[in-house]
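Below is one structure, written out as structure tokens, with a few remarks after it.
Spelled out as structure tokens, the structure:
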């Protein structure tokens, strides 16, 4: 029996910046990761897994930036069991107020045979060595046996016992391939807690391949796990991880089922956190997503509407305002000044100053001329784009002229500024966006390939802001870029330029993310 | 104890066309519903809940069309307990090979007090009367106590016993507000099966407000439910219903957890069904959606990719081809003829002929001139748009010219054909799409308000087809329209015209959907 008895608090370990960032096409730079980490701190998560420092210089710097800049949550970094990996992880984390090293190794026969090419004794020895080395750096060490749900139980118990002996304080059980079924996974956690002695916290890390990540996580909690690893919007490899917002709200809405266990999450920040992560990753949130989807509190049918108007609880178990899902408010108009603008942003938790504030304000005025209602969601979108563009931008879009339709060939002319030099180019295309991108490719001389394209309207109505996210593959890297405008072709061109700038920033680093791993 | 013992088959009751269609902004017309129903039959669901006939003339006709046209699954219709409702439901269903009437009434104190304004005795009497009347029409009658999870147990047992006595053959337990937790909901089903005697099948209907719909459904199955109510892509009120694809794949991947229970679903049709429903409803599927999301089988991290290349099962528990998620294949080029075109469509399960085939082929040739690779997803998109436009279209888009950019004001000129008469209009706008929509508003004289706008690229690459879905509110109705083109502004204009045509079709019916309800 574990000597750590259930207490009244569930630890929320957010891995949006590590497992979430492993989603295809997501490539956050250090500034974007820091922005998300700051919002996670505001949200009140207990741990931020900031990345996998050994994976690349970029990952190292991102983890270091968060360890140095973000206060509140404990900052965690992922590490394989190798001594050099562990040391590198610690180098990135050492400036944090509180830091955790998260050591992992695969334990399933499939992984040991096909990837590690190690036998059981070697895996146990590596576990001991890695955890022990981590403990030399910090008292807070987590260990994960990767692909736990497909690992023979006896062997897993041996590995876990070795980890605890070597000093692991949290044992995390990952359902790496999303194979678990709630009752089965809960029984596994219960069994481990009974059989592995020592002073540790049990943790769960569930993937969503069968749509069961949230349920499996909760079954783990019911079985005694006191840490849950989650991602905002359920991001992560393949079908993603358990969604932070779902796990947190299940505990909040059904305290009767979890012995009154609470989290430190400020639920009213959930909707904003979801929007920020969606915007920076380029991953849209589906309308019918639980808790943070735009329909989560919408009622279509007459009787449902009637019911909700008569008494909210007839069809709603969550009050929309408790998760920050409130109707878009009109916050500013075309006559608002710079001070009111900055003030409104800061009330929204968007602290910007200097050139970013200047350019965001300029974009706001330009927008206010074209659009009657400026909502907080519009402001978030503008600031997000300006933040994305703020660092080392090689190119800025100076002018764009396009024409097209069903008659004649779509055509675009662009002017970009490259550190003071104007470059102009023209192109035809299959559509106006295609023409604009081709012209930009000529002007920037960066030969990119668009692999993804997503437009969403920030707010409803014909005068809605178009929020375009493109995924661009160029020079061996894949990045996303974002652009916002009332015109979708202009937004696309802005997103394209934003992505090209990112490619150049990534390429300007000498080393590359060579490999990435994780439970 | 129920006398119906668990057998080897789980009944899949699909309610995409009833509960799914209650999602905000979804408004399928009869032709679209029929198209989805045909695909559901191909997929192999056991039941199709086609709609709620009493809600409106449109709903009635849609149910009737499906009852008359779709073979294979049993066709179900929803009905309140009123005798007139039940009779109207039967009128819509009567031409089906096999038909079920699904009778429901609310049983929770919240619903009885605020909506029904009925006491317990009245609810029980209404249940008896509704079910008995339904049994006069058909031997296959389902009964649902709405908001079951918030209904006091003793009262629910009384209602359920009354329903079975009156002749209900399926008892469906809806977690209407998504309040259930798997172990709790499973225990409820077990309790009901033990306490309610008689010859019936237990069924579950779970909502996803806490992200637990699939898990709760499976917990119900483990507790003895032999029918699961699901929607494709997890559509439905608020955060939606349990996702068909998740429930089906959980059983397929973990037979050990469900005593080898099987479904009749042809899993290789799951991906296509998901795409069709997404396209017709205008609801995008999030990238990281389990089973049918585009990332469900994508691997980003180096080690994961390495693992999967070495041995697929290292990080995948589902083989992508078993759910029809295979890479887009190049199926046709610009030199393909009409016969090859029709042949390819029919191999894809898209049976079109006559004018729809003509116009789809014309669009294909036009597209093949602009785009090198035509994939099956592209073809699906074109055919879907042409099918959407095939009936009683008042307007067709004849010509579009647009210009814009950062210099000057965005402008559009359109020509539409209105039953032989050309109407031309010009407008400026905040963006080119806005300008095009404003010009179309002038030309069609339908004063609409765009409430939603979504663009997705059908396939990757710069020459991707843009698939635009708009949601338009006009003349008191809300519809969605779809347009496909390599140019996003043209696709938007097509979608707008498609939506305007739908508004006119809906308005041409005298009566309106007055109220809609459901578990």
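Chains as they are written, first to last, in this note's numbering: chain A, 3 to 521; chain B, 3 to 521. The beta carbon of each residue, even a glycine, is placed where N, CA and C say it ideally should be.
Between residue 43 (chain B) and the set B:267, B:432 and B:398, the nearest pair of CA atoms involves B:267. The Cβ-Cβ distance between residue 443 (chain A) and residue 478 (chain A) does not fall below 9 angstroms.
Burial is judged here by how many other beta carbons sit within 10 angstroms of a residue's own beta carbon; residue 177 (chain A) has at least 16 and is buried.
Secondary structure of residue 148 (chain B) (DSSP, three-state): strand. The Cβ atoms of residue 39 (chain B) and residue 68 (chain B) sit closer than 9 angstroms to each other. Of all residues in the stretch 246-257 of chain B, only 247, 248, 249, 251, 252, 255 and 256 come within less than 9 angstroms of chain A when Cβ atoms are compared, listed by chain position. Residue B:481 holds the alpha-carbon nearest to the alpha-carbon of residue 32 (chain B) among B:473, B:481, B:138 and B:298. Judged by DSSP secondary structure, residue 59 (chain B) falls outside any beta strand (DSSP E) and instead within the alpha helix (DSSP H) spanning 59-71. Counting other Cβ atoms within 10 Å of its Cβ, residue 440 (chain B) reaches 16 or more and is therefore classed as buried. Contact annotation: residue 140 (chain B) and residue 190 (chain B) have beta-carbon atoms that are not nearer than 9 angstroms. Under a 10 Å Cβ-count criterion, residue 291 (chain B) is classified as buried, with 16 or more other Cβ atoms of the shown protein chains found around its own Cβ. The alpha-carbon separation between residue 358 (chain A) and residue 344 (chain A) amounts to approximately 11 angstroms. When the alpha-carbon of residue 432 (chain A) is set against those of B:489, B:498, B:448 and B:419, the nearest one is in B:489.
Linking residue 276 (chain A) to residue 168 (chain B) through their CA atoms gives a straight-line distance of about 48 angstroms. Note on geometry: alpha-carbon atoms of residue 234 (chain A) and residue 260 (chain B) lie some 31 angstroms from one another.
Residues of the stretch 487-500 of chain B with a C-beta atom less than 9 angstroms from some C-beta of chain A are 487, 488, 489, 490, 491, 492, 493, 494 and 495, listed in chain order. When 8 angstroms is used as the limit between beta carbons, residue 49 (chain A) is near no residue of chain B, the shortest such separation being about 20 angstroms. With contacts defined by Cβ atoms closer than 9 angstroms, residue 472 (chain B) and residue 445 (chain B) do not form a contacting pair.
Setting aside the 5 residues that flank it on each side, residue 295 (chain A) is surrounded in the same chain by 287, 288 and 289, each with a C-beta closer than 7 angstroms to its C-beta; the list follows chain order.
Per DSSP, reduced to three states, the secondary structure at residue 469 (chain B) is strand.
Per the coordinates, the alpha-carbon of residue 499 (chain B) lies some 9 angstroms from the alpha-carbon of residue 395 (chain B). With respect to chain B, the C-beta atom of residue 397 (chain A) has no partner C-beta closer than 9 angstroms.
Note on residue 258 (chain A): under 16 other CB atoms within 10 angstroms of its CB, so exposed under the neighbour-count rule. With a contact defined as Cβ atoms closer than 8 angstroms, residue 45 (chain A) and residue 223 (chain A) miss out at about 19 angstroms. Around the CB of residue 207 (chain A), 16 or more other CB atoms lie within 10 Å, so the residue is classed as buried. Taking a Cβ-Cβ cut-off of 7 angstroms, the neighbours of residue 295 (chain B) in chain A comprise 241, given in sequence order.
Around the beta carbon of residue 201 (chain A), fewer than 16 other beta carbons sit within 10 angstroms, so the residue counts as exposed.
Nearest neighbour of residue 454 (chain B) by Cα position, chosen from B:413, B:501 and B:427, turns out to be B:501. When the alpha-carbon of residue 250 (chain B) is set against those of B:237, B:240, B:270 and B:241, the nearest one is in B:270.
The beta carbon of residue 157 (chain B) does not come within 9 angstroms of any beta carbon belonging to chain A, so the residue lies off that interface. Excluding five sequence positions before and after residue 104 (chain A), the CB atoms of its chain that fall closer than 6 angstroms to its own CB belong to 78, 80 and 144, given in chain order. Annotation: the continuous alpha helix (DSSP H) that includes residue 280 (chain B) extends over 272-283. Uninterrupted beta strand (DSSP E) stretches at least 3 residues long and entirely within the stretch 89-158 of chain A occur at 101-108 and 143-148, given in chain order. For residue 244 (chain A) against residue 283 (chain A), the beta-carbon gap comes to about 17 angstroms, at or over 8 angstroms, which does not count as contact. Collapsing the DSSP output to three states places residue 205 (chain B) in a strand. Assignment of beta-bridge partners to residue 455 (chain B) by DSSP yields B:472.
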